[in-house]
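Novice: Numbering (my numbering), first residue to last: 3 to 257.
1. Could you give the uninterrupted runs of the beta strand (DSSP E) lying entirely in the region 100 to 162, keeping only those of 3 residues or more?
2. Have a look at residue 219 and residue 229 and give me their C-alpha separation to the nearest angstrom.
3. Hey, how far is the Cα of residue 209 from the Cα of residue 157?
4. Give the single residue among 213, 13 and 253 whose Cα lies nearest to the Cα of residue 238.
5. Based on the DSSP output, what are the partners of residue 63 in its beta bridges?
6. Three Cβ pairs or more, each shorter than 8 Å: is that satisfied between the region 121 to 135 and the region 50 to 63?
7. Is residue 96 helix, strand or coil by DSSP?
8. If you drop the 5 nearest sequence neighbours on each side, which residues of the same chain put their C-beta closer than 8 Å to that of residue 254?
9. Could you name the residues of the same chain whose beta carbon sits closer than 6 Å to that of residue 12, not counting the 5 residues immediately before and after it, in chain order?
10. Tell me whether residue 17, by its Cβ, gets closer than 8 Å to a heavy atom of the ligand FMN.
11. Please look up how many angstroms separate the CB atoms of residue 33 and residue 92, rounded, as I've assumed it's under 8 Å.
12. Which same chain residues end up closer than 6 Å to residue 167 when comparing Cβ atoms and leaving out the 5 residues on each side of it in sequence?
13. Closer than 7 Å by C-beta to residue 14: which residues in its own chain qualify, once you throw out the five before and the five after it? Chain order, please.
14. Does the Cβ-Cβ distance between residue 111 and residue 207 come in under 9 Å?
15. Might you give, ordered along the chain, the residues of its own chain that have their beta carbon closer than 6 Å to the beta carbon of residue 118, omitting 5 neighbours on each side?
16. When the Cα atoms are used, what is the spatial distance from residue 98 to residue 28?
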């Protein structure tokens with residue numbers, strides 16, 4: 003172990019520069035004990051860990067192969083690096099998980115069309131894991147699921163989800179249709195079917211649209227079915243992550 007006493011120490015510079023990594027970053031920063039528990043059960047390469055001394059026992063307990071350097075610091079320095087007061091004093095620099103190829107898409111999938119909120123993306127990833135969906139499709143307008151906040155909100159479940167990134171969502175959905183997939187969108191549309199009345203077939207691709215505008219018009223137009231969640235007429239819509247969870251629950255109990 004190596005103790006860090008200066009926030010400008012070069013050994014921890016990655017924890018500052020990678021706080022908000024983009025889709026093209028090779029490495030990402032992760033934090034929180036729940037995330038570490040999931041991380042230690044994967045083959046993801048861990049490059050270094052930055053933590054308080056109090057968490058060393060936790061690392062020894064949950065990680066069977068400590069082949070990475072560990073740097074320790076006081077709570078005060080950790081607070082400055084993490085960027086907020088409430089934290090668990092644990093961060094790691096890891097290899098960003100690889101995106102899967104289009105040909106690896108399998109089973110029911112969730113498709114994110116223009117979601118920009120890390121909290122919503124992370125929550126949807128967590129719901130996917132909860133309802134046994136292991137593939138997520140994101141378009142180029144969607145927030146990277148690999149940024150620090152998304153991974154934290156997903157409680158590390160992102161490590162159990164396959165992610166396919168596309169710059170040609172409409173074309174890819176048409177190919178999925180030709181391969182037997184049913185394309186489903188959610189929207190408050192006059193032609194939408196109530197979710198509770200719909201029987202989900204196998205191999206569905208469920209579109210979750212952006213927080214403000216919903217799914218793109220061209221995506222709605224190619225959808226086989228548009229679903230709506232029946233809510234009080236005084237409420238115009240639900241949060242994207244909440245809507246996704248409701249659809250996933252209904253799908254799991256329908257198929």
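Glycine is no exception: its CB is placed at the ideal position from the N, C-alpha and C atoms.
Note that this is a predicted model, so its numbers are computed, not measured.
Specialist: On the basis of the coordinates in this document:
1. Within the region 100 to 162, the complete beta strand (DSSP E) runs of at least 3 residues are 111 to 115 and 137 to 141.
2. When rounded, the distance between both Cα atoms is 15 Å.
3. Residue 209 and residue 157 have their alpha carbons spaced roughly 23 Å apart.
4. Ranking 213, 13 and 253 by CA distance to the CA of residue 238 puts 213 first.
5. DSSP output for residue 63 lists no bridge partner at all.
6. No, they do not touch.
7. Here residue 96 sits in strand by DSSP.
8. Correct list, in chain order: 133 and 134.
9. Counting only Cβ-Cβ distances below 6 Å, and skipping sequence neighbours, we find nothing.
10. The ligand content of the structure shown is nil, which means the ligand FMN is not present either.
11. The pair is a contact, with the Cβ atoms about 6 Å apart (cut-off 8 Å).
12. Once the five neighbours on either side are set aside, the close Cβ partners of residue 167 are 101 and 140.
13. Shown here for residue 14: same chain residues with a beta carbon closer than 7 Å to its own, the five before and five after excluded, namely 6, 52, 73 and 83 in chain order.
14. For residue 111 and residue 207, yes; Cβs fall inside 9 Å.
15. Taken in chain order, the residues that qualify are 145.
16. Looking at the backbone, the Cα of residue 98 and that of residue 28 are separated by about 6 Å.
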